[in-house]
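Q: My structure is below; once you've seen it, I'll send some questions.
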Amino acid sequence: DSGVTQTPKHLITATGQRVTLRCSPRSGDLSVYWYQQSLDQGLQFLIQYYNGEERAKGNILERFSAQQFPDLHSELNLSSLELGDSALYFCASSVVEGGETQYFGPGTRLLVL
Amino acid sequence: GQSLEQPSEVTAVEGAIVQINCTYQTSGFYGLSWYQQHDGGAPTFLSYNALDGLEETGRFSSFLSRSDSYGYLLLQELQMKDSASYFCAVRKWSSGSARQLTFGSGTQLTVLP
């Protein structure tokens, strides 16, 4: 158990809908990262927050947005969902910005039908 | 642009030694990490190299040659539980901080009895 929690574990929704994925980092970690992993693919970096501020953006679609709240939990919002958005979404956290060790949560498995 | 290459599959027998190679091309290279992921599970951190040479952590070792843009993960005394996907990930400078990890596509290691 990494100490990073993600909810929900599974999510099934329809195309065109909007969902929110939630992540709570390890106690004391200020940095949160979001990744997308499609079937048999590597992890694609989406976005990173540090202490409430957006600090790095990867291959995140405009339909996706995220934020980190004052209590350091983070939410990833996915809207106008498409079939291709079906994937595992992981949140990771680290103590410092750009920490060499990132601790991953169990992931949210999203299925868009 | 940037790229990471690692073999898609490796098979070895219990008790053997296996080496998973990773070559990368990226600007702003800072370091190379390795993560292990069991089927559908959360990636877990294995090792990190920022300097040339070998880092040893128990049965696992990782090597980096910055001049060759090359690294490898060495797994010794293989056990069945080592069957998993192994990802190399480049840590790179982005907007003044080494905060972004770019993952390779992963190597599926199968350990046979």
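Each protein sequence line maps, in turn, to chains A and B. Okay, so the first sequence: first residue is 1 according to my numbering, each after it adds one. Okay, so the second sequence: first residue is 1001 according to my numbering, each after it adds one. Where is the CB? At the ideal position from N, CA and C, for every residue including glycine.
1) Who does V32 of chain A pair with in a DSSP beta bridge?
2) Taking the straight line between their C-alpha atoms, what separation do you get for L46 of chain A and L1078 of chain B?
3) Let's test the definition: count the other Cβ atoms within 10 Å of the Cβ of V1111 of chain B and tell me whether it reaches 16, buried, or not, exposed.
4) Tell me whether the beta-carbon of Q1006 of chain B lies closer than 8 Å to the beta-carbon of S1105 of chain B.
5) Keeping to the same chain, check which residues put their C-beta closer than 6 Å to that of A1016 of chain B; ignore five residues upstream and five downstream.
6) With 8 Å set as the bound, which would you pick, yes or no: does the beta-carbon of L43 of chain A sit closer than that to a beta-carbon of chain B?
7) Considering only their Cβ atoms, is the gap separating T1026 of chain B from Y1035 of chain B smaller than 8 Å?
8) Pop quiz: G965 of chain B and A1050 of chain B are said to be a contact at Cβ under 8 Å. What is the actual Cβ separation, rounded to whole angstroms?
9) In terms of residue numbering, what span does the beta strand (DSSP E) encompassing V1013 of chain B cover?
10) Just the chain A side, please: which residues come within less than 9 Å of P1007 of chain B by C-beta, in chain order?
11) Let me know the secondary structure DSSP gives K9 of chain A once reduced to three states.
12) Whose CA, out of A:A14, A:E53, A:F104, lies closest to the CA of L78 of chain A?
13) Looking at C-alpha atoms only, which residue of A:L11, A:P70, A:E53 is the closest neighbour of R109 of chain A?
14) Whole angstroms is fine: what's the gap from G1058 of chain B's alpha carbon to S1067 of chain B's?
15) What residue ranges within the stretch 1015–1050 of chain B form continuous beta strand (DSSP E) runs of no fewer than 3 residues, ordered along the chain?
A: So, to answer that:
1) A:Y49, A:S93
2) 34 Å
3) buried
4) S1105 of chain B sits close to Q1006 of chain B, with the two beta carbons spaced by under 8 Å.
5) Excluding the 5 residues flanking it on each side, A1016 of chain B has same chain C-beta neighbours closer than 6 Å at L1078, in chain order.
6) Output row for L43 of chain A: interface = yes.
7) no
8) There is no way to answer for residue 965 of chain B, as the model of chain B reaches only from 1001 to 1113.
9) That run of the beta strand (DSSP E) goes 1009–1013.
10) Ordered by position in chain A, no residue passes the 9 Å Cβ test against P1007 of chain B, which lies about 13 Å from the chain.
11) coil
12) A:A14
13) A:L11
14) 26 Å
15) 1018–1025, 1029–1037, 1044–1049
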